[in-house]
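Enquirer: Residue numbers (full-length UniProt numbering): 1 to 690.
Glycine is no exception: its CB is placed at the ideal position from the N, C-alpha and C atoms.
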Ligand code: ATP
Ligand code: MG
């Protein structure tokens, strides 16, 4: 398995009996080390199921599994390749009983969490406040604090009241048999820390743990890793401190600093050759990151030649910037024969909303594109509705799911009734579903309303029973269709939507979802979800169990030939031949640094750190490019509702480009026009022949 690896990479791959850290710059083949090491470990006798490879996203997991399969075939299927969160789900499902959690616990999404928080706070709360609470609680959880500990360390009244709220939130979660995303890390940690049997089991199971993008792990993830590998420390972490861009979400470079102290036997491997980018691109990247303090000194060189100069493209407005980006794509395609495929282009930007003008410009000339890191399929209201039903089959104590399912579609059970039921359930310390069948309920709720509730309860039980006994793709599909018919979901969608077109699109989503569920019941598609092991047919109930986790997984898009639009954060680890970095405008990237009014008093240090993280974001962006790179900025930018005059980002100057070649030249525009003309002519011919 030594093909396609340099000496340093081989060293890292062959070092299997101790802790190993590969620390190296972008594009130096760190991820490649992980895939090859999985193959190497298996070829040297480690059972696939005893290897865990942890990636930053589900998409990265799917890609890694594919690569590993390319190297060693089917055996790669059994390797546990997934995110920390997916690993957490598996651990808690297997061993969560000792924490009082049923294996069928529910996983709450952001919406559920905010509504629980609002509810726990009593009174009326605006969305922004609820989000703020959620954010704070999440931050605490990521620091390993529970409500009591958070209260003990609270600095001011606001933190104290949030900590009190957190206590109520925790109570509710355990009553609902539910966990939030942060729990998927903190609960496994608790399992390993407090239950020696569980710890021994996992440490014995895992023969080697590999972690990609190590620089973006947070404190709890690091603790989890330590407990998983135990003192033996058979693990491989790969990362790049210059690409740490999730500090705002609690990731900490301390994890890199701590490794050599916590594992004195740590073998550190440095990689210096970049196999991704031309020298021109790599030089710009090295120059940009240079002002940041160095945790570990690194050098990076490329042997791919000087390549095209990096271009700077200025524009009057975002719309103009988008037009120029499209022109650039067209001219690059026109410039070579055969033209590069659409999938070799990416447009990257700081924030999701920046995609819009590019989408419009691309549509205008019929260029296929996909927005990655945007609204996932599973975030759509109709899919969430259906998932609420599934969650209820699996865990009838899931009150948020209960409330959503009972009202989608509406079944004549009003708010008052639900309020009464909620009150009754709280009083009797039961979940709402359990309360339905409480012998004392009839005394608390009028007869007619009660009948509706009972009917719903019986229906859920009936569905659960049927789902448990429905196996295989065809049966599952038929079941789902019957069920949607029974609850009148199609009508519900069409009634609730003004525009027929939108309703039709939503209904198509529903059907697509059923189809997808059915395929999973047939035993296909497991790996795409970062799923582990079985590929046998499953009961529909079992399929439903895996759904909650998937709610954050945007399924791996089929490898379609499309231009990628992506945020910089979501572009981590990926590469494209041609990259356009958009909105490299002061105030956008670095983001609003100098017009921060500073709620904090120690803003000084905060600003320095934030600037460094923004600079790393720029570094990540530049290093996604293999062959050409253009950096765009706009002379005006939105600030609140106004348009203000804007300057090129300081990072453009920091790239230290050669001024003579940096400006995109007019000939490109000319070529673009030619290309567009040709495309139009072709389209006209095609239209005629239809
Ligand atoms: P990032 O920091 O962006 O995550 P990375 O260090 O993980 O990058 P990879 O994605 O593993 O880098 O590799 C970058 C590119 O270089 C890939 O296309 C990979 O296939 C290629 N590559 C890596 N190592 C070698 C090698 N030894 N020989 C040839 N190509 C290589
Ligand atoms: Mg990588």
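#1: Where do the N-terminal and C-terminal ends of the beta strand (DSSP E) with residue 577 fall, by residue?
#2: Under a Cβ-count criterion, where at least 16 other Cβ atoms within 10 Å of its own Cβ denotes burial, should residue 112 be classed as buried or exposed?
#3: With distances taken between CB atoms, is the gap from residue 169 to residue 120 smaller than 9 Å?
#4: DSSP on residue 314, reduced to helix/strand/coil?
#5: With hydrogens ignored, establish whether the beta-carbon of residue 623 is closer than 8 Å to any heavy atom of the ligand MG.
#6: Does the count of Cβ pairs from the stretch 60 to 69 and the stretch 98 to 105 closer than 8 Å reach three?
#7: Can you say whether residue 760 is buried or exposed, counting buried as having 16 or more other CB atoms within 10 angstroms of its CB?
#8: For residue 693, is the classification buried or exposed, using 16 other Cβ atoms within 10 angstroms of its Cβ as the cut-off for buried?
#9: Quick one: using the 10 Å Cβ neighbour count with 16 as the cut-off for buried, is residue 336 buried or exposed?
#10: Going by DSSP, what residue range makes up the alpha helix (DSSP H) through residue 694?
#11: Count the CB pairs spanning the stretch 51 to 64 and the stretch 313 to 326 that are closer than 8 Å, and state whether there are at least three.
#12: What do you reckon, is the C-beta of residue 6 under 8 Å from a heavy atom of the ligand ATP?
#13: Leaving out five residues before and five after residue 371 in sequence, what residues of the same chain have Cβ atoms less than 6 Å from its Cβ?
#14: On a CA-only basis, which of 421, 188, 264, 657 is nearest residue 282? Give me that one, please.
#15: With a threshold of 8 Å, are at least 3 pairs of Cβ atoms found where one atom belongs to the stretch 343 to 351 and the other to the stretch 570 to 584?
#16: Which runs of the alpha helix (DSSP H) at least 4 residues long sit entirely within the stretch 215 to 275? Give them in chain order.
#17: Would the C-beta of residue 573 count as close to the ligand MG, meaning under 8 Å from any of its heavy atoms?
#18: If you draw a straight line from the C-alpha of residue 303 to the C-alpha of residue 278, how long is it?
#19: Could you compute how far the alpha carbon of residue 679 sits from the alpha carbon of residue 358?
#20: What I want to know is whether the C-beta of residue 66 ends up closer than 8 Å to one or more non-hydrogen atoms of the ligand MG.
#21: How about residue 220 and residue 34: do their beta carbons lie closer than 9 Å?
#22: Under 8 Å Cβ to Cβ from residue 617, same chain only, skipping five residues before and after it: list those, please.
#23: Report yes if the CB atom of residue 510 is closer than 9 Å to the CB atom of residue 540, and no otherwise.
#24: Going along the chain, which residues of its own chain have a beta-carbon closer than 6 Å to the beta-carbon of residue 308, five neighbours each way excluded?
#25: So residue 176 packs on residue 115, CB below 8 Å; how close in whole Å?
#26: Taking C-alpha atoms, which residue in 516, 241, 270, 502 lies nearest to residue 7?
#27: Report the partner residues of residue 174 according to the DSSP bridge assignment.
#28: Which residues in the same chain as residue 624 place their Cβ atom closer than 7 Å to its Cβ, once the five residues preceding and following it in sequence are excluded?
#29: Could you give the residue range of the alpha helix (DSSP H) that holds residue 85?
#30: For the ligand ATP, is there a heavy atom less than 8 Å away from the beta-carbon of residue 99?
#31: May I ask you to check if the CB of residue 238 is nearer than 8 Å to at least one heavy atom of the ligand MG?
#32: Measuring straight from C-alpha to C-alpha, what distance separates residue 393 and residue 401?
Expert: Looking at the coordinates:
#1: To locate residue 577, count along the chain shown from 1; it is residue 577. For residue 577, the enclosing beta strand (DSSP E) starts and ends at 576 to 581.
#2: In the chain shown, residue 112 corresponds to position 112, counting from 1. Label assigned to residue 112: buried.
#3: Locating residue 169 in the chain shown gives position 169, counting from the first residue. Locating residue 120 in the chain shown gives position 120, counting from the first residue. Yes; because the gap between Cβ atoms is below 9 Å, this pair is in contact.
#4: As a position in the chain shown, residue 314 is number 314, starting the count at 1. It is a strand residue.
#5: Here the question's residue 623 lines up with position 623 in the chain shown. No - the ligand MG has no heavy atom lying nearer than 8 Å to the Cβ of residue 623.
#6: no
#7: Only positions 1 to 690 of the chain appear in the structure, and residue 760 is not among them; the question remains open.
#8: With the chain covering only 1 through 690, there is no way to say anything about residue 693.
#9: Looking up residue 336 in the chain shown gives position 336. Answer is exposed; the Cβ neighbour count stays below 16.
#10: What the structure shows of the chain is the stretch from 1 to 690, and residue 694 is not part of that stretch, so it cannot be assessed.
#11: Because the criterion of three Cβ pairs below 8 Å is not met, the stretch 51 to 64 and the stretch 313 to 326 do not touch.
#12: On the chain shown, position 6 is the one that residue 6 refers to. Because some heavy atom of the ligand ATP lies under 8 Å away, the Cβ of residue 6 counts as near it: yes.
#13: Within the chain shown, residue 371 is the residue found at index 371, counting from 1. Cβ within range, chain order: 355, 565.
#14: As a first step, residue 282 is located in the chain shown; it is residue number 282 there, counting from the start. Here the closest residue by C-alpha is 657.
#15: In this structure the stretch 343 to 351 lies against the stretch 570 to 584, because at least three pairs of beta carbons, one per stretch, are closer than 8 Å.
#16: 219 to 229, 254 to 262
#17: Within the chain shown, the letter at position 573 stands for residue 573. Checking every heavy atom of the ligand MG against the Cβ of residue 573, one is found closer than 8 Å.
#18: Counted from its first residue, the chain shown places residue 303 at position 303. Counted from its first residue, the chain shown places residue 278 at position 278. Approximately 7 Å between the Cα atoms of the pair.
#19: Here residue 679 is taken as the residue at index 679 of the chain shown, counted from 1. Here residue 358 is taken as the residue at index 358 of the chain shown, counted from 1. When only Cα atoms are considered, residue 679 and residue 358 end up about 19 Å apart.
#20: One-based indexing of the chain shown puts residue 66 at position 66. Result no, Cβ not under 8 Å from the ligand MG.
#21: The residue given as residue 220 occupies position 220 in the chain shown. The residue given as residue 34 occupies position 34 in the chain shown. No, these two residues do not count as a Cβ contact at 9 Å.
#22: Counting from 1 along the chain shown, the entry for residue 617 is found at position 617. Excluding positions up to five away in sequence, the list reads 245, 350, 568, 569, 589.
#23: In the chain shown, counting from the first residue as 1, residue 510 sits at position 510. In the chain shown, counting from the first residue as 1, residue 540 sits at position 540. Against a cut-off of 9 Å, the Cβ pair of residue 540 and residue 510 comes out as no contact.
#24: As a working note, residue 308 is residue 308 in the chain shown. Excluding residues within five positions, the ones whose Cβ falls inside 6 Å are 628.
#25: Here residue 176 refers to the residue found at position 176 when the chain shown is read from its first residue. Here residue 115 refers to the residue found at position 115 when the chain shown is read from its first residue. That belief does not hold up - the Cβ atoms of residue 176 and residue 115 are roughly 12 Å apart, past 8 Å.
#26: Against the chain shown, residue 7 aligns to sequence position 7. Closest option to residue 7, Cα to Cα, is 270.
#27: Taking the chain shown and counting its residues from 1, the one referred to as residue 174 is at position 174. In the DSSP output, where bridge partners are listed per residue, residue 174 has none listed.
#28: Translated into positions along the chain shown, residue 624 becomes position 624. These residues qualify, in order along the chain: 346, 348, 571, 574, 575, 576, 579.
#29: Walking along the chain shown from the start, residue 85 turns up at place 85. Run containing residue 85: 84 to 95, per the alpha helix (DSSP H) assignment.
#30: Indexing the chain shown from 1 puts residue 99 at position 99. Every heavy atom of the ligand ATP is 8 Å or more from the Cβ of residue 99, so no.
#31: Counting from 1 along the chain shown, the entry for residue 238 is found at position 238. Yes, Cβ of residue 238 sits closer than 8 Å to a heavy atom of the ligand MG.
#32: Walking along the chain shown from the start, residue 393 turns up at place 393. Walking along the chain shown from the start, residue 401 turns up at place 401. Each residue's alpha carbon lies about 10 Å from the other.
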